[in-house]
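*Asks:* Protein chains in written order, with this note's numbering: chain V, 273 to 467; chain R, 273 to 467. Backbone N, C-alpha and C fix where the C-beta goes; we use that ideal spot for every residue, glycine too. Here's a structure for you.
2 protein chains.
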Amino acid sequence: MKNVLLLSLAVVAAVGLLLAAAATSPPALPQYTADNQMLRPENYRDWVFLSAGLGMSYSPQAGGHEMFTNVFVPQWAYQEFQKSGKWPDKSIFVVEERDSQTRGSINKVGHFQTDLMGMGVEVKDKSHFPEEWAYFNFGDGTKSARANPKEGCFNCHAAHAAVEHSFVQFYPTLKPVAKKFSTYNAQRENVDGAK
Amino acid sequence: MKNVLLLSLAVVAAVGLLLAAAATSPPALPQYTADNQMLRPENYRDWVFLSAGLGMSYSPQAGGHEMFTNVFVPQWAYQEFQKSGKWPDKSIFVVEERDSQTRGSINKVGHFQTDLMGMGVEVKDKSHFPEEWAYFNFGDGTKSARANPKEGCFNCHAAHAAVEHSFVQFYPTLKPVAKKFSTYNAQRENVDGAK
Chain V
273 MKNVLLLSLA VVAAVGLLLA AAATSPPALP QYTADNQMLR PENYRDWVFL
323 SAGLGMSYSP QAGGHEMFTN VFVPQWAYQE FQKSGKWPDK SIFVVEERDS
373 QTRGSINKVG HFQTDLMGMG VEVKDKSHFP EEWAYFNFGD GTKSARANPK
423 EGCFNCHAAH AAVEHSFVQF YPTLKPVAKK FSTYNAQREN VDGAK
Chain R
273 MKNVLLLSLA VVAAVGLLLA AAATSPPALP QYTADNQMLR PENYRDWVFL
323 SAGLGMSYSP QAGGHEMFTN VFVPQWAYQE FQKSGKWPDK SIFVVEERDS
373 QTRGSINKVG HFQTDLMGMG VEVKDKSHFP EEWAYFNFGD GTKSARANPK
423 EGCFNCHAAH AAVEHSFVQF YPTLKPVAKK FSTYNAQREN VDGAK
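Next comes the structure, spelled out in structure tokens:
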């Protein structure tokens, strides 16, 4: 009798583990080399899309060829944001740059997306970065990258993002969530120079 | 002994069901009213993003205010496409229209996305539509919609889409998949009138 019960418990445990493994992929978390370089995120196109822009620039002098930017976060981090209006530790944001084309196939005007041109990554990871947030650039084929100096993305995100270091003012489906949880800084919507 | 075994089996089954339910959402499938109107798809922002366009139009006379279009498909359909270069029966495509804004917060040039303006839906569902593919429009708050007449989207998708009725020529991450499985009609990339 005791053996049957033990066997049953073992079967329950085994079936449970198998089902859990089959039904979920491991959550997407930041990975690093031994010297704290971040590994290029993979499979981010399966993540949740936050928004896209075309030719966005924080400098009025921007010009030249316009590119699309697509922003993705892992499902697990997105679900946490829905529950709290905040980003959990180990959140990853991928900003993908894609070339734009106008005439092609039946499209006559406007712009559609083509080749991958570059990738920026933002992470919130207090165990790896004393200031929690860090920024990386991955060119074509770059497998790992060191965090950018603070003078780049970090300072701008700290000064202008509406939720923590995240530009939720540009993510229309997350804005109402952050407002509901009072984590949204509406001042950051003001156009600079028009304050 | 027999009772213990039966009990064990019941426990195994119950744990299995609970784990499966907790770990996976039900796959997103098209839902209809009794008179074959499609119900508005929900939670499509958790699906896989295929691409975004800005102001895309198939008419050279298009003008006025440009809108973004974001395209989403359910995870399960996307995974099937990765394995075959074809869309499985019951695939759903949501094309979301979002308004665009230029100046806002620290953004000076280019365009970012704002309010939802409308939604088009394409389904592949041979048990509901004799020609497999059907097209719907959902305005703000529309809960169900009847399929559009063939003269609208259907004929254009049939004549111009690169994979079945799907404009894979505008989805840069799916193009190489379809090419690998030889389901891609490269002729459909030609600009009309330049053939």
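#1: Going by DSSP, what residue range makes up the alpha helix (DSSP H) through R/Lys452?
#2: Where are the alpha helix (DSSP H) runs, 4 residues long or more, that stay fully inside the segment 352 to 438 of chain R, in chain order?
#3: Flag this pair as yes or no: are the beta carbons of V/Lys362 and V/Pro302 separated by less than 8 Å?
#4: Any residues in the segment 444 to 456 of chain V with a beta carbon nearer than 7 Å to a beta carbon of chain R? Which ones, in chain order?
#5: Assign R/Leu291 to buried or exposed, taking buried as 16 or more other Cβ atoms, counted over all protein chains shown, within 10 Å of its Cβ.
#6: With the cut-off set at 8 Å, would you say V/Val242 and V/Ala434 are in Cβ contact?
#7: May I have the straight-line CA-CA distance separating V/Ile378 from R/Arg460, to the nearest angstrom?
#8: Please go through the same chain and pick out, in chain order, the residues whose beta-carbon is closer than 8 Å to the beta-carbon of V/Ala294, but skip the five residues on each side of it.
#9: Using a Cβ-Cβ cut-off of 8 Å, state whether R/Thr386 counts as contacting chain V.
#10: As a quick exercise: from V/Phe340, V/Pro346, V/Leu322, V/Lys380, pick the residue whose alpha carbon is nearest that of V/Ser329.
#11: What residues in the segment 428 to 444 of chain R have a beta carbon less than 8 Å from any beta carbon of chain V?
#12: Under a CB-based cut-off of 8 Å, is R/Gly392 close to chain V?
#13: Any chance the segment 440 to 449 of chain R sits against the segment 407 to 422 of chain R, with 3 or more Cβ pairs inside 8 Å?
#14: Since R/Leu326 meets chain V, which of its residues come closer than 7 Å, beta carbon to beta carbon?
#15: So, is V/Ala406 buried or exposed, given that buried needs 16 or more other C-beta atoms within 10 angstroms?
#16: Measure from the C-beta of R/Gly376 to each C-beta in chain V and report whether the shortest distance is under 8 Å.
#17: Flag V/Arg312 as yes if its beta-carbon sits less than 8 Å from any beta-carbon of chain R, otherwise no.
#18: Which residues in chain R have a C-beta closer than 8 Å to the C-beta of V/Asp318? List them in chain order.
#19: Does DSSP put V/Ala458 in a helix, a strand or coil?
#20: Indicate whether the contact test is met: 3 or more Cβ pairs, each with one atom in the segment 318 to 329 of chain R and one in the segment 340 to 350 of chain V, closer than 8 Å.
#21: Applying the criterion that 16 or more other CB atoms from any shown protein chain within 10 Å of the CB defines a buried residue, is V/Pro346 buried or exposed?
#22: Does any C-beta atom of chain R lie closer than 8 Å to the C-beta of V/Gln460?
#23: Which one of R/Thr374, R/Glu394, R/Val449, R/Asp397 has the shortest CA to CA distance from R/Thr386?
#24: Please report the distance separating the alpha-carbon of R/Glu369 from that of R/Asn308.
#25: Sort V/Thr305, V/Ala300, V/Pro298 by Cα distance to V/Ser416 and report the nearest one.
#26: Where do the N-terminal and C-terminal ends of the beta strand (DSSP E) with R/Leu322 fall, by residue?
#27: Bridge partners of R/Pro342, per DSSP?
#28: For a test of the three-state rule: what should DSSP assign to R/Tyr304, helix, strand or coil?
#29: Can you grab the Cα-Cα spacing for the pair R/Lys452 / R/Ala458, in whole Å?
#30: Can you tell me which of the three DSSP states V/Ala295 falls into?
#31: For R/Arg370, go through chain V and note every residue whose CB falls closer than 7 Å to its CB, in chain order.
#32: Measuring alpha carbon to alpha carbon, tell me which of R/Asp412, R/His437, R/Leu388 ends up nearest R/Asp371.
#33: Tell me which residues share the same chain as R/Ser356 and place their Cβ nearer than 7 Å to its Cβ, disregarding the 5 neighbours each side in the sequence.
*Replies:* Quick look at the numbers:
#1: Here residue 452 of chain R refers to the residue found at position 180 when the second sequence is read from its first residue. Start and end: 447 to 452.
#2: Qualifying alpha helix (DSSP H) stretches, in chain order: 425 to 432.
#3: Counting from one through the first sequence, the residue named residue 362 of chain V turns up at place 90. Counting from one through the first sequence, the residue named residue 302 of chain V turns up at place 30. V/Lys362 places its beta carbon less than 8 Å from that of V/Pro302.
#4: From the segment 444 to 456 of chain V, only Pro444, Thr445 have a Cβ closer than 7 Å to chain R.
#5: On the second sequence, position 19 is the one that residue 291 of chain R refers to. Low confidence applies here, because R/Leu291 scores a pLDDT of 43, under 50, leaving its location unreliable; read the following figure in that light. Buried, by the Cβ-count rule.
#6: No answer is possible for residue 242 of chain V: it lies beyond the span of chain V, which begins at 273 and ends at 467.
#7: Reading the first sequence from its first residue, position 106 is the one you call residue 378 of chain V. Reading the second sequence from its first residue, position 188 is the one you call residue 460 of chain R. Distance between the alpha carbons of V/Ile378 and R/Arg460 is about 8 Å.
#8: Against the first sequence, residue 294 of chain V aligns to sequence position 22. Below a pLDDT of 50, predicted positions are generally treated as unreliable, and V/Ala294, at 41, falls in that range; the measurement from the model is reported next regardless. There are no such residues.
#9: For the purposes of this step, residue 386 of chain R is taken as the residue at position 114 of the second sequence. It does: the Cβ of R/Thr386 has a partner Cβ on chain V nearer than 8 Å.
#10: For the purposes of this step, residue 329 of chain V is identified with residue 57 of the first sequence, where counting begins at 1. A check of alpha carbon separations from V/Ser329 across V/Phe340, V/Pro346, V/Leu322, V/Lys380 identifies V/Phe340 as the nearest.
#11: So the list reads Cys428, His432, Ala434, Phe439, Gln441, Phe442, Pro444, given in the order they occur along the chain.
#12: Taking the second sequence and counting its residues from 1, the one referred to as residue 392 of chain R is at position 120. Put simply, the CB of R/Gly392 is far from chain V, with every gap to its CB atoms at 8 Å or more.
#13: The segment 440 to 449 of chain R, when compared against the segment 407 to 422 of chain R, does not touch it at the 8 Å Cβ threshold.
#14: To locate residue 326 of chain R, count along the second sequence from 1; it is residue 54. Here the neighbours are Leu326, Gly382, His383.
#15: By one-based count along the first sequence, residue 406 of chain V stands at place 134. The residue is buried, with at least 16 neighbouring Cβ atoms inside 10 Å.
#16: For the purposes of this step, residue 376 of chain R is taken as residue 104 along the second sequence, with counting starting at 1. Closer than 8 Å: yes.
#17: Position 40 of the first sequence, counted from the first residue, corresponds to residue 312 of chain V. Answer no: the Cβ-Cβ gap between V/Arg312 and chain R never drops below 8 Å.
#18: Locating residue 318 of chain V in the first sequence gives position 46, where the first residue counts as 1. The contacting residues are Val320, Gln347, Tyr350.
#19: Residue 458 of chain V sits at position 186 when you count from the first residue of the first sequence. Helix, per DSSP.
#20: With a cut-off of 8 Å, the segment 340 to 350 of chain V and the segment 318 to 329 of chain R count as touching, because enough Cβ pairs lie within range.
#21: Taking the first residue of the first sequence as 1, we reach residue 346 of chain V at position 74. The residue is buried, with at least 16 neighbouring Cβ atoms inside 10 Å.
#22: Position 188 of the first sequence, counted from the first residue, corresponds to residue 460 of chain V. According to the sequence shown, residue 460 of chain V is Arg rather than Gln. Between V/Arg460 and chain R, the shortest Cβ-Cβ separation is below 8 Å.
#23: If you number the second sequence from 1, residue 386 of chain R lands on position 114. The residue among R/Thr374, R/Glu394, R/Val449, R/Asp397 with its C-alpha nearest the C-alpha of R/Thr386 is R/Thr374.
#24: Counted from its first residue, the second sequence places residue 369 of chain R at position 97. Counted from its first residue, the second sequence places residue 308 of chain R at position 36. Rounded to whole angstroms, the separation of the alpha carbons of R/Asn308 and R/Glu369 is 24 Å.
#25: Position 144 of the first sequence, counted from the first residue, corresponds to residue 416 of chain V. The residue with the shortest Cα to Cα distance from V/Ser416 is V/Thr305.
#26: By 1-based counting over the second sequence, the position of residue 322 of chain R is 50. 320 to 329 is the extent of the beta strand (DSSP E) around R/Leu322.
#27: In the second sequence, counting from the first residue as 1, residue 342 of chain R sits at position 70. Contrary to the premise, residue 342 of chain R reads as Asn rather than Pro in this sequence. When beta bridges are read from the DSSP output, R/Asn342 appears opposite R/Ala324, R/Glu368.
#28: Position 32 of the second sequence, counted from the start, is the residue given in the question as residue 304 of chain R. The answer is strand: DSSP assigns R/Tyr304 an E or B state.
#29: Looking up residue 452 of chain R in the second sequence gives position 180. Looking up residue 458 of chain R in the second sequence gives position 186. One C-alpha to the other measures close to 12 Å.
#30: Taking the first residue of the first sequence as position 1, residue 295 of chain V is located at position 23. At V/Ala295, the pLDDT of 45 sits below 50, so the modelled position is not reliable; the number obtained from the coordinates is stated separately. It is helical.
#31: Numbered from its first residue, the second sequence carries residue 370 of chain R at position 98. The contacting residues are Pro444.
#32: Along the second sequence, one-based indexing puts residue 371 of chain R at 99. The option with the nearest alpha carbon to R/Asp371 is R/Leu388.
#33: The residue you call residue 356 of chain R lines up with position 84 of the second sequence. Within the same chain, R/Ser356 has close Cβ partners Phe453.
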